[in-house]
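Below is one structure, written out as structure tokens, with a few remarks after it.
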Amino acid sequence: MLQSRNDHRPRPLWQYISIMLVCPLGVAGLIVLIGPAAAGGGPPAPACRAETIRVATYNIEHMSKMLNVALVKPNNRTREQWADFFSDEEDCYEVAWVITQAAAAPDILLIQEGCSQDELEHFNTHWLRQAYAYVKVFRGNSPRGQHLGILAKNGFEPLEVREFADEVDPVDDPALRKLKEGGGLAEKNLLFSRGPAFVKFRTPGGHVMWVGNTHVKSKYGNSLPVVKWRIREMQRTREICGELLARGDTPYLLLGGDFNDDMQLDEFEKTLGRDALSVITGGQDREQLTNLTSPLIRANPRGGTYHARVKTKYPAAWFDYLFASPDLARHVRRTTLIDAPLAGVASDHLPVVTEIALPGRKP
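What follows is the structure, given as structure tokens:
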């Protein structure tokens, strides 16, 4: 017996006959009556309202050190801690100013080189004045207290968290063992020390999107084996993005972080004939990602997000990026580098912010 989409009781036969008589398309009229579920389609997508979302990525230099002394109770501080406290208070103020100024003011903030869960909650409460309702530090393998964090404003509902700290490196390279021992990765030959990790959010407007954060192996001790390791990190990160999108619950995914590589070939990448960063955007099908930072680089190729301090002795480099799935990238309005003078002293990285205008959708 044919059934309607919303009512599972059989319809009287006369209703079907009357539809076929008055509708010149006959059977097509039946399909309209019974709805797409019985015609082979899925349930209708939920309604969403149009909204604009801002997402930022920000490597905050030594954030944990910056906050540790600030968390010590005043009556327990030594003289040295008091001296550090006033220096760290200034750092906290500078970082908070950069995050909350109108040019940035992200709805979702991705932090690299971050702090512990307690410290990030303290920073959000004391310095950001509880600007964010969701505060999360992801599990990682860094022995230096460099953690990934994510903050989201009120109305962003976390639906699922995915962390990949336990992924094993498919290559056991003896040349990397010393570096991996220093990074706490050697015993299990782990691939990632600082990410990636993802949160699936329902936005205030009802859209669903994955937001990921990562901090790829640095150029410290750079060598051909290190570059190959960095490429494996980026390739697996791209594959994870594709796996999340392949689930089909949303076409929207955004990945941000410190990728510790620019769009130029370093001496070891020239040997390989391959740029590590290009691996992120080199995927096919579900693994396709669009580089949202590219317009900034084209406009200022000699600029950068790293070593962007005032009067730095190092050349600037583009290390911090935002990437998006094609379905999300087409709704991006603009991507901005926050390069106010105070941002140049708050950290050795500048934040990157993207603004996304998601369209409304009827059920």
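Mapped onto my numbering, the consecutive letters of the sequence shown carry residue numbers 2 to 364.
Where a beta carbon is used, it is the ideal one built from N, C-alpha and C, also for glycine.
Everything numeric in this text was worked out from a predicted model, so none of it was measured.
Any chance you could list the alpha helix (DSSP H) runs of at least 4 consecutive residues sitting entirely within the segment 93-133, in chain order?
-> 118-123
Given that a residue counts as buried once 16 or more other Cβ atoms are within 10 Å of its Cβ, and exposed if not, what is residue 351? Numbered from 1 along the sequence shown, position 350 holds the residue referred to as residue 351. When all chains shown are included, residue 351 counts as buried.
- Keeping to the same chain, check which residues put their C-beta closer than 8 Å to that of residue 326; ignore five residues upstream and five downstream. Locating residue 326 in the sequence shown gives position 325, counting from the first residue. Closer than 8 Å at the Cβ level, and outside the excluded window around residue 326, lie 242, 246, 252, 253, 254, 255, 289, 290 and 291.
Taking contact to mean at least 3 C-beta pairs separated by less than 8 Å, is the segment 209-220 in contact with the segment 256-270? yes
* Are at least three pairs of beta-carbons, each pair with one atom in the segment 173-192 and one in the segment 146-154, less than 8 Å apart? -> no
### Query
Quick one: is residue 47 buried, meaning 16 or more other Cβ sit within 10 Å of its Cβ, or exposed?
Counting from 1 along the sequence shown, the entry for residue 47 is found at position 46. Result: exposed.
**OP:** Give every residue of the same chain whose Cβ lies closer than 6 Å to the Cβ of residue 322, excluding the five residues on either side of it in the sequence, and list them in chain order.
**Re:** What you label residue 322 is simply residue 321 of the sequence shown in a count that begins at 1. Around residue 322: 260 and 294.
| task | Give the straight-line distance between the Cα atoms of residue 161 and residue 81, rounded to the nearest whole angstrom. | result | In the sequence shown, residue 161 corresponds to position 160, counting from 1. In the sequence shown, residue 81 corresponds to position 80, counting from 1. Their backbone Cα atoms lie some 43 Å apart in a straight line.
Go ahead and pull the three-state DSSP assignment for residue 324.
Numbered from its first residue, the sequence shown carries residue 324 at position 323. If DSSP states are grouped into helix, strand and coil, residue 324 belongs with the strands.
| query | In three-state terms, what does DSSP make of residue 4? | reply | Your numbering for residue 4 matches position 3 in the sequence shown. Because the pLDDT at residue 4 is just 38, under 50, the model does not fix this residue reliably, and the point stays unresolved.
Mind the definition here: the segment 295-307 touches the segment 334-349 only if three or more C-beta pairs lie below 8 Å; say whether that holds. yes
Can you give me the Cβ contacts of residue 360 inside the same chain, cut-off strictly under 6 Å, excluding the 5 residues immediately before and after it? Within the sequence shown, numbered from 1, the residue matching residue 360 stands at position 359. The answer, listed in chain order, is 51.
Is it buried or exposed, residue 240, if we count other Cβ atoms within 10 angstroms and call 16 or more buried? For the purposes of this step, residue 240 is identified with residue 239 of the sequence shown, where counting begins at 1. It is exposed - the Cβ of residue 240 has fewer than 16 other Cβ atoms within 10 Å.
*So, helix, strand or coil for residue 211, using DSSP?*
Reading the sequence shown from its first residue, position 210 is the one you call residue 211. Strand at residue 211.
What's the call for residue 37, buried or exposed, on a 16-neighbour Cβ count within 10 Å?
-> Numbered from 1 along the sequence shown, position 36 holds the residue referred to as residue 37. The predicted position of residue 37 is uncertain, since its pLDDT is 39 and thus under 50; a value taken from the coordinates is nonetheless stated next. By the neighbour-count rule (16 or more Cβ atoms within 10 Å), residue 37 is not buried but exposed.
Q) In chain order, what residues of the same chain lie with their CB nearer than 7 Å to the CB of residue 91, ignoring the 5 residues before and after it? A) Along the sequence shown, one-based indexing puts residue 91 at 90. Excluding positions up to five away in sequence, the list is empty.
Determine, using beta carbons only, whether residue 195 and residue 102 come nearer to each other than 9 Å. Working through the sequence shown from its first residue, we reach residue 195 at position 194. Working through the sequence shown from its first residue, we reach residue 102 at position 101. Contact: no.
| message | Rounded to whole angstroms, what is the Cα-Cα separation between residue 63 and residue 332? | response | As a first step, residue 63 is located in the sequence shown; it is residue number 62 there, counting from the start. As a first step, residue 332 is located in the sequence shown; it is residue number 331 there, counting from the start. When rounded, the distance between both Cα atoms is 34 Å.
Which runs of the alpha helix (DSSP H) spanning at least 4 residues fall entirely within the segment 209-257, listed in chain order? 225-247
Within its chain, find whatever has a CB closer than 7 Å to the CB of residue 299; leave out the 5 residues flanking it on each side and keep chain order. As a position in the sequence shown, residue 299 is number 298, starting the count at 1. Result list for residue 299: empty, nothing under 7 Å.
TODO: Write down every uninterrupted run of the beta strand (DSSP E) in the segment 252-306 whose length is 3 residues or greater and which is fully enclosed by it, in chain order.
DONE: 254-259
Exercise for review: Report the rounded CA-to-CA distance for residue 364 versus residue 49, giving the unit in angstroms.
Suggested key: For the purposes of this step, residue 364 is taken as the residue at position 363 of the sequence shown. For the purposes of this step, residue 49 is taken as the residue at position 48 of the sequence shown. Spanning the two alpha carbons is a distance of roughly 8 Å.
With DSSP run on the structure shown, which of helix, strand or coil describes residue 362?
Here residue 362 corresponds to residue number 361 of the sequence shown, with the count starting at 1. Looking at residue 362 - three-state DSSP - the assignment turns out to be strand.
> Under three-state DSSP, which class holds residue 55?
Replying inline: Position 54 of the sequence shown, counting from 1, holds the residue named residue 55. The answer is strand: DSSP assigns residue 55 an E or B state.
(request) Would you mind sorting residue 120 into buried or exposed? The rule is 16 or more other CB atoms within 10 Å of its CB. (result) Position 119 of the sequence shown, counted from the start, is the residue given in the question as residue 120. Result: buried.
Assigned secondary structure, residue 153 (DSSP; H/G/I helix, E/B strand, else coil): Residue numbering aside, residue 153 sits at position 152 when the sequence shown is read from its first letter. Of the three classes helix, strand and coil, the one that applies to residue 153 here is strand, per DSSP.
Taking residue 285 as the reference, give the member of 236, 271, 171 and 249 with the closest Cα.
Indexing the sequence shown from 1 puts residue 285 at position 284. Comparing Cα-Cα distances from residue 285 to each of 236, 271, 171 and 249, the minimum goes to 236.
Q.
Bridge partners for residue 201 per DSSP, in chain order?
A. Position 200 of the sequence shown, counted from the first residue, corresponds to residue 201. In DSSP, residue 201 forms a bridge with 161 and 211.
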